[in-house]
Amino acid sequence: MAGTIRPDTITVSTSHPIISTKSLPTPAPVSKPAEKRTVTAPRIDVEPLYTTLKSAIGDADWAKYKEAISHFLLGTLNQEELTRKLSPILATPSLEHTHNQFILAIYGNVFRDPPEPGIASWVSANDKPTAVAKPNTGDEAEKRLKHEVMQLSRRERNRLKKIQESPFDAFTGLMSEYHDARRIKQPDTGPASAGGYQKTNWDLEIRKRYTQPLFTETHEFPDAESIAARMLPICYENGLPSGHTPDCAAFMNIATETYIKEALSNFFSRVNSNGTGYIRTAEFKRKVEREEERVARGEIGRSAGGLLPVDIEEARKRRPLCMEDIKLALELGDSYLGQVPLISGGITNGRFLDADGADASNEEVLSKGLAAVVNGIGTTSPTAQNNSLTHGFHIDLGDPMIIEDDWTWQGGSVQDMNGLDSVLDGCLAIGV
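In full-length UniProt numbering, the protein residues as written are 1 to 432.
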């Protein structure tokens, strides 16, 4: 067949080609010189602007200015809010012009060459950012954790893998954090030291609070020393191991005295009358006016406390206050007694035991004493025992009521009862 190539007709040459022993010329390496970095856009020097602006603003307002600029560059403040914060600081036109140049220089350097690494030498130490410690992300902790896991048995590892995580409830977690934040935690006692002595035992220090006598028991006004002795255990109980400041007890002493004086003044002004700061009647006002005119003419004089004779006379005739007056002041809206629920509740629910006539309304109860008993047997004779319902008490019921006429129920005599019985017998005798 024309055009067909048969393999048996192809002649294969067994000779090898002769390779030249000459080496090819190696081109010399071309050494390119190191390209120098060309400054395309030099950065704006903001050092003179920074120095001028900081010296003009002052150290007092520089912290506010720096904070406002930082928030503005981070995007947390808009232009209107920035203007509101910087208006009191940038009071003069020259200072405002320097501020504008400084901000434009910062924006302009964003599109120029990158700055040198590190913080500029002309930045003060107070303006340098604080270095944040990097967390330890090495492989040592991971290797140690892996080693501890591999120490467990296979069965235990499989059990841990099959444990399902509890569903996350955001509301429950938030409430738990809020509850834990409000919980008062006492300071830890801590381990024993090398000398065998432990740290402060907070339980013993807290118990010292209950060894102090109450001021209602001593009937003395508290001083700074007694208040400090009571406040220190309270601080320990509420998680303040450092206690209170030295001036805190003196401040509480002054505050207590001021509170009691204001409470008494407010109470007297609500229940008393015809006095300085009290409600005045028309007759008392006329007396005061007449005596003030006599004082102006020099006929009479005021007392050492600046009181008129009519004021002294009213104070002498004023009756002592009682529990009823305290309750009246509370009902009128006493802001001092009413703000303590325990005191206001005791006043509202209390009895007027110190009111006029309260003692006379009590019944006179006289006890004759109980018979002596020895080994369960009474020492008195049976005839001497009182087996009445009064149980040895005598109650004075007063004089009996005098009855002038003998009033009886009409139809309740013996004859009327016999007539009624005969009528009933006649009704029952009727045959069916």
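For every residue, glycine included, the Cβ atom is placed at its ideal position computed from N, Cα and C.
> Nearest-angstrom Cα distance between D325 and L204?
Replying inline: For the purposes of this step, residue 325 is identified with residue 325 of the sequence shown, where counting begins at 1. For the purposes of this step, residue 204 is identified with residue 204 of the sequence shown, where counting begins at 1. Roughly 44 Å between the two C-alpha positions.
>> Measuring straight from C-alpha to C-alpha, what distance separates L232 and I206?
In response: The residue you call residue 232 lines up with position 232 of the sequence shown. The residue you call residue 206 lines up with position 206 of the sequence shown. L232 and I206 have their C-alpha atoms some 8 Å from each other.
> Who does S273 pair with in a DSSP beta bridge?
Replying inline: As a position in the sequence shown, residue 273 is number 273, starting the count at 1. Its beta-bridge partners are I279.
>> Suppose contacts are defined by Cβ-Cβ distances below 8 Å. Is Y65 in contact with L95 by that definition?
In response: Locating residue 65 in the sequence shown gives position 65, counting from the first residue. Locating residue 95 in the sequence shown gives position 95, counting from the first residue. At a Cβ-Cβ threshold of 8 Å, Y65 and L95 do not count as neighbours.
> To which residues of the same chain is F102 closer than 6 Å at the C-beta, ignoring the five residues directly before and after it?
Replying inline: Reading the sequence shown from its first residue, position 102 is the one you call residue 102. L49, L53.
> Can you give, in chain order, each stretch of the alpha helix (DSSP H) that sits fully within the segment 91–126 and has at least 4 residues?
Replying inline: Inside the segment 91–126, DSSP marks whole alpha helix (DSSP H) runs of 4 or more residues at positions 93–110, from first to last along the chain.
> Would H179 be called buried (16 or more neighbouring beta carbons within 10 Å of its own) or exposed?
Replying inline: In the sequence shown, counting from the first residue as 1, residue 179 sits at position 179. By the 10 Å Cβ count, H179 comes out exposed.
>> Let me make sure I understand the geometry here. Which of D139, G298, V310, I254 has the alpha-carbon closest to that of L224?
In response: Stepping through the sequence shown from its first residue, residue 224 is reached at position 224. For the record, residue 224 in the displayed sequence is Ala; it is not Leu. Nearest C-alpha to A224: I254.
>> Comparing C-alpha positions only, which one of V295, V340, A170, E237 sits nearest to N201?
In response: On the sequence shown, residue 201 is found 201 positions in, with the first residue counted as 1. In terms of CA proximity to N201, E237 leads the group V295, V340, A170, E237.
> For V423, does the three-state DSSP call read helix, strand or coil?
Replying inline: Indexing the sequence shown from 1 puts residue 423 at position 423. DSSP places V423 in helix when its eight states are reduced to three.
> Can L328 and V271 be called in contact, C-beta distance under 8 Å?
Replying inline: In the sequence shown, counting from the first residue as 1, residue 328 sits at position 328. In the sequence shown, counting from the first residue as 1, residue 271 sits at position 271. Taking 8 Å as the cut-off, the Cβ atoms of L328 and V271 count as close.
> Residues in its own chain within less than 6 Å of A56 by CB, not counting five upstream and five downstream?
Replying inline: Residue numbering aside, residue 56 sits at position 56 when the sequence shown is read from its first letter. Residues of the same chain with a CB within less than 6 Å of the CB of A56, apart from the 5 flanking positions on each side, are L95 in chain order.
>> Excluding the 5 residues flanking L330 on each side, which residues of the same chain have their C-beta closer than 8 Å to its C-beta?
In response: Taking the first residue of the sequence shown as position 1, residue 330 is located at position 330. Result list for L330: L337, G338, S344, I347, T348, in chain order.
>> Let me confirm a value: R230 is counted as buried when at least 16 other C-beta atoms fall within 10 Å, else exposed. Which label applies?
In response: What you label residue 230 is simply residue 230 of the sequence shown in a count that begins at 1. It counts as buried.
>> Taking the alpha carbon of P42 as the reference point, which residue from R112, D61, L424 has its own alpha carbon closest?
In response: Locating residue 42 in the sequence shown gives position 42, where the first residue counts as 1. For the residues R112, D61, L424, the minimum Cα distance to P42 belongs to R112.
> Can you tell me whether DSSP reads M1 as helix, strand or coil?
Replying inline: Counted from its first residue, the sequence shown places residue 1 at position 1. For M1, the predicted model reports a pLDDT of 47, less than 50, meaning its position is unreliable; a value from the coordinates is still stated below. Note: M1 maps to coil in three-state DSSP.
> Rounded to whole angstroms, how far is the Cβ of A263 from the Cβ of I227, which I believe are closer than 8 Å?
Replying inline: Counting from one through the sequence shown, the residue named residue 263 turns up at place 263. Counting from one through the sequence shown, the residue named residue 227 turns up at place 227. Between A263 and I227, the beta carbon gap of about 18 Å keeps them out of contact (Cβ cut-off 8 Å).
> With distances taken between CB atoms, is the gap from L82 to A105 smaller than 8 Å?
Replying inline: Taking the first residue of the sequence shown as 1, we reach residue 82 at position 82. Taking the first residue of the sequence shown as 1, we reach residue 105 at position 105. With respect to the 8 Å criterion, L82 and A105 are not classified as neighbours on the basis of their beta carbons.
>> Whole angstroms are fine: how far does the CA of V423 sit from the CA of V414?
In response: Here residue 414 refers to the residue found at position 414 when the sequence shown is read from its first residue. Here residue 423 refers to the residue found at position 423 when the sequence shown is read from its first residue. In this structure, the straight-line span from the alpha carbon of V414 to that of V423 is close to 14 Å.
> Which residues bound the alpha helix (DSSP H) around A170?
Replying inline: By 1-based counting over the sequence shown, the position of residue 170 is 170. A170 -> alpha helix (DSSP H) spans 170–182.
>> Can you find the residues in the same chain that come closer than 7 Å, C-beta to C-beta, to L332, ignoring five residues on each side of it along the sequence?
In response: Residue mapping note: residue 332 aligns to position 332 of the sequence shown, counting from 1. Here the set comprises R270.
> Closest to S281 by CA distance: which of V310, E140, A120, S265 is it?
Replying inline: Here the question's residue 281 lines up with position 281 in the sequence shown. Looking at the sequence itself, residue 281 is Thr, so the reference to Ser does not match. Here the closest residue by C-alpha is V310.
>> Need the endpoints of the alpha helix (DSSP H) that R316 sits in, please.
In response: What you label residue 316 is simply residue 316 of the sequence shown in a count that begins at 1. First-last of the alpha helix (DSSP H) with R316: 309–317.
> Around the C-beta of G426, are 16 or more other C-beta atoms found within 10 angstroms, so that it is buried, or is it exposed?
Replying inline: For this step, residue 426 is matched to residue 426 along the sequence shown. G426 comes out exposed.
> P167 by DSSP, collapsed to three states: which one?
Replying inline: Here the question's residue 167 lines up with position 167 in the sequence shown. Correct three-state label for P167: coil.
> Taking DSSP as the reference, what is the three-state secondary structure of M417?
Replying inline: Residue numbering aside, residue 417 sits at position 417 when the sequence shown is read from its first letter. DSSP places M417 within a helical segment (H, G or I) once states are collapsed to three.
> Taking the Cβ atom as the reference point for each residue, do residue 465 and N109 lie within a distance shorter than 8 Å?
Replying inline: The requested residue 465 is not part of the displayed model; the chain covers only 1 to 432.
>> Can you determine whether any heavy atom of the ligand FMN sits closer than 7 Å to the C-beta of A329, and answer yes or no?
In response: Although the ligand FMN was asked about, the structure shown includes no ligands whatsoever.
>> Can you tell me whether E313 is buried or exposed? The criterion is at least 16 other CB atoms within 10 Å of its CB, across all chains shown.
In response: Sequence index remark: in the sequence shown, residue 313 carries index 313 (1-based). E313 is classed as exposed because its beta carbon has fewer than 16 other beta carbons within 10 Å across all chains shown.
>> Tell me the DSSP secondary structure of V149 in three-state form.
In response: The sequence position of residue 149 within the sequence shown is 149, counting from 1. Annotated three-state conformation of V149 is helix, per DSSP.
>> Measuring only the C-alpha atoms, how far is L160 from D169?
In response: Residue mapping note: residue 160 aligns to position 160 of the sequence shown, counting from 1. Residue mapping note: residue 169 aligns to position 169 of the sequence shown, counting from 1. Those two C-alpha atoms are separated by around 22 Å.
>> Let's test the definition: count the other Cβ atoms within 10 Å of the Cβ of T98 and tell me whether it reaches 16, buried, or not, exposed.
In response: Start at 1 with the first residue of the sequence shown, and residue 98 comes out as number 98. Looking at its Cβ environment, which holds 16 or more other Cβ atoms inside 10 Å, T98 is buried.
>> Quick check: the Cα distance between G58 and V123, rounded to an integer number of angstroms?
In response: In the sequence shown, counting from the first residue as 1, residue 58 sits at position 58. In the sequence shown, counting from the first residue as 1, residue 123 sits at position 123. Near 15 Å, if we compare the C-alpha coordinates of V123 and G58.
> alpha helix (DSSP H) containing T83: first to last residue?
Replying inline: In the sequence shown, counting from the first residue as 1, residue 83 sits at position 83. Membership of T83 in the alpha helix (DSSP H) is indicated by the continuous run 79–86.
> What runs of the alpha helix (DSSP H), each 4 residues or longer, lie entirely inside the segment 203–255?
Replying inline: Complete alpha helix (DSSP H) runs here, min 4: 215–218, 224–237.
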